[in-house]
Amino acid sequence: MDDAFARLPAPPYYAVIFSSRRNGEDNAGYGEAAQRMVELAATMPGFLGVESTRGADGFGITVSYWDSEAAIAAWRQHAEHAATRAHGRVHWYEHFELRVAKVERAYGKERKR
Numbered sequence: 011m012d013d014a015f016a017r018l019p020a021p022p023y024y025a026v027i028f029s030s031r032r033n034g035e036d037n038a039g040y041g042e043a044a045q046r047m048v049e050l051a052a053t054m055p056g057f058l059g060v061e062s063t064r065g066a067d068g069f070g071i072t073v074s075y076w077d078s079e080a081a082i083a084a085w086r087q088h089a090e091h092a093a094t095r096a097h098g099r100v101h102w103y104e105h106f107e108l109r110v111a112k113v114e115r116a117y118g119k120e121r122k123r
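Residue numbers (the working numbering): 11 to 123.
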């Protein structure tokens, strides 16, 4: 399986969809913080995986997957995550949107080479 795709259990589970446009400032600090947030999220109870991409124009989408709304709430309340979010709002993002969705069905296909 392609490592860019999260390995997830059968639904239901939750997706936190974070869409953003970077402002182009502090790229090194952003990259380090993004990696740290993935590492930290992976230690949280209920974390299932993450998928992320960013285009050359600065628009990106990160989807984190969780087993419950309680797990999402705990992640949101985590002190280091909260501090990084606050920093990002001031220093990294021109615009962002966050959406939470319950995944009821999921399927895919990998082309064998």
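Cβ atoms here follow ideal geometry from the backbone N, Cα and C, with glycine treated the same way. Given the structure is predicted, the values throughout are model-derived calculations rather than measurements.
{"Asked": "Would you call the segment 99-114 and the segment 53-64 touching, i.e. three or more CB-CB distances under 8 Å?", "Found": "no"}
{"Asked": "Give me, in chain order, the residues of the same chain whose beta-carbon lies closer than 6 Å to that of Leu18; leave out the 5 immediate sequence neighbours on both sides.", "Found": "Leu58, Gly59, Tyr75"}
{"Asked": "So who's on the other strand from Glu114, going by DSSP bridges?", "Found": "Answer by DSSP bridge pairing: none, since Glu114 is not bridged."}
{"Asked": "Can you tell me whether DSSP reads Leu50 as helix, strand or coil?", "Found": "helix"}
{"Asked": "Taking the Cβ atom as the reference point for each residue, do Arg31 and Gly68 lie within a distance shorter than 7 Å?", "Found": "yes"}
{"Asked": "Quick check: the Cα distance between Met47 and Trp85, rounded to an integer number of angstroms?", "Found": "10 Å"}
{"Asked": "Confirm, please, whether the CB-CB distance from Asn33 to Glu104 is below 7 Å.", "Found": "yes"}
{"Asked": "Flag this pair as yes or no: are the beta carbons of Thr63 and Phe28 separated by less than 7 Å?", "Found": "no"}
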